[in-house]
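Since the structure comes first, as structure tokens, the remarks are kept for the end.
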Amino acid sequence: MGDGHLQKPISGKEAIVEAVGLSKEFRDFWNRPKAKAVNDIDFEVYEGEVLGLLGPNGSGKSTTIKMLLGLLYPTSGSISVFGESPRSVRTKMRIGYLPEESYLYKYLTAMETLDFFGALFNLSAVERRSRSEQLLEMVGLSHVRNRPVGEFSKGMARRIGLAQAMINDPDLLILDEPTSGLDPIGCKEIKDLIIFLQKRGKTVIVSSHLLSDVEDISNRVLILYGGNIRAAGTLNELLTISTSSRITTPLLEPGITEKLIKILRENLKGENFVIDHPRRSLEDFFLDVVNRARTESVKTYGAEGGGEIAGYLKSEQKPQDILKGLADRKEAKVEAPVVRKEVPEEEAEVESKEKLDKLVAHEQEKKKEPAEVKSAEDLDEANKKLSHLVSRKDDRHN
Ligand SMILES: Nc1ncnc2c1ncn2[C@@H]1O[C@H](COP(=O)(O)OP(=O)(O)OP(=O)(O)O)[C@@H](O)[C@H]1O
Ligand SMILES: [Mg+2]
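With our numbering as the guide, the letters of the sequence shown map in order to residues 39 to 436.
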């Protein structure tokens, strides 16, 4: 078994993901073992937490995520999401997923992309339009809504991918390297958004190589290596150095510092100690510099204010309540993008792509709104909007 016993349940919270002895071995054409990507791991994800999934390249993060989504079958062990198989349509209705590489249909515009994914969740045309508009505003892409996503920069593609992951107002959001390719402002906004969603009761699983980002937003982390869980716990459990003490005070007068040094020398019996000034994070400093520059340009050029968190994401109403009726009605009919038989991942992706192509062709047959032609605006414009998005201070979660 893995090191699942290191984890502590968050008191009173329900485990919405439960993996027991989960393993995935990739085999070649002749059924010879190619890679043990995930090796007998146990873990749980609790409702309302942000779980950071960490590990070096090839340690099994994406494979674990794909099993969580029902895109890959475990070789052995089991995984349940919301008490059901990850492949159940009802479960999929409640999950939002940002893949590590965006699977976007390059000829669809940003608006059509969101509309397309909204249609997969059986949202009405009116709801799709309303949500798409709110999401585009939220991720700072409103002004490029009618540009094909194939033209988007890496960061813009990440933003539309994130919007797409939230079209169904998911209860569980799974983000595979959400901040990769984003500038520091985009990273900060995604982190703020994750914290905001968590405050609304959503559960988020986020994999990333950017440890400081994960540290800023996660309640708990799992560290994978070679397909095994090597460490798991809350940030407090894992990171607190209980063999040292730290006191942070307002700036001390020189006289007080001298007295303190005297007391410490008398009591620490020759052990070293340090009295210095705390340092800000580079991220904080960078954001300050950029925000100050922006404020100046607002004065000079009157740049417009940006969007807000999509209104429907703020709703207290549980999405499963909204979707329940639809799910009940459609469960038999809905063809969710699920791989139903065990196939190598490459095949699974081809199968999904074929479905996507078919669905896109179908969508394109439908009459489209006339596209407003807007000039191409650069990512800085998107950033400007995004910077106003989430003004909330991010609390550190422990
Ligand atoms: N479709 C596949 N076929 C064969 N081997 C695979 C496949 N997908 C993943 N693997 C292997 O499984 C292991 C884990 O890969 P995985 O993509 O889960 O790692 P990761 O932790 O997400 O890495 P990264 O940080 O680079 O994204 C690697 O050895 C990889 O080569
Ligand atoms: Mg990966």
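C-beta atoms are modelled at their ideal positions from N, C-alpha and C, and glycine is treated no differently.
Keep in mind the model is a prediction, meaning the values are calculated, not measured.
Q | Contact set for T286: own chain, Cβ-Cβ below 7 Å, skip 5 residues either direction | A | P316
Q) Span of the beta strand (DSSP E) holding G58? A) Before going further, note that residue 58 is Val rather than Gly in the sequence given. Looking at the DSSP string, the run of the beta strand (DSSP E) that includes V58 is A53 to R65.
Q. Would I54 pass as a contact of T241 if the rule is Cβ separation under 8 Å?
A. yes
Q: Pull up the distance between the alpha-carbon of K393 and that of A195, whole angstroms please.
A: With a pLDDT of only 45 at K393, under 50, the local geometry of the prediction cannot be trusted, and the value read off the model is given with reservation. Looking at the two C-alpha atoms, the distance is approximately 21 Å.
Q: Classify K74 as helix, strand or coil using the three-state DSSP reduction.
A: strand
Q. Excluding five sequence neighbours on each side, which residues of the same chain lie with their C-beta closer than 8 Å to the C-beta of G156?
A. Once the five neighbours on either side are set aside, the close Cβ partners of G156 are E165, R166, R169, S170, I205 and N206.
Q: Pick out whichever of V244, R185 and L146 has its Cα sitting closest to the Cα of L137.
A: Residue identity differs from the one stated: residue 137 is Pro in this sequence, not Leu. The option with the nearest alpha carbon to P137 is V244.
Q: Under 7 Å from any heavy atom of ligand 2, by CB: list those residues in chain order, please.
A: K99, S100, E138, D214, E215 and S245
**Q.** Outcome for G90 when other beta-carbon atoms lying within 10 angstroms are tallied against a minimum of 16
**A.** buried
Q. So, F159 versus M176, is the Cβ gap smaller than 8 Å?
A. In this structure, F159 sits away from M176, with a CB-CB distance that is not shorter than 8 Å.
Q) Any heavy atom of ligand 1 closer than 7 Å to the CB of E61? A) The sequence as given places Ser at residue 61; Glu does not occur at that position. Every heavy atom of ligand 1 is 7 Å or more from the Cβ of S61, so no.
(Q) How far does the alpha helix (DSSP H) with R167 in it extend, from its first residue to its last? (A) A163 to M176
Q) Would D251 pass as a contact of K229 if the rule is Cβ separation under 8 Å? A) yes
**Q.** ligand 1 heavy atom lying under 7 Å from the CB of F120
**A.** no
Q. In three-state DSSP terms, what is R196?
A. helix
Q: Return the Cβ separation of P94 and Y263 in integer angstroms, given the expectation that the two are a contact with Cβ distance under 8 Å.
A: 7 Å
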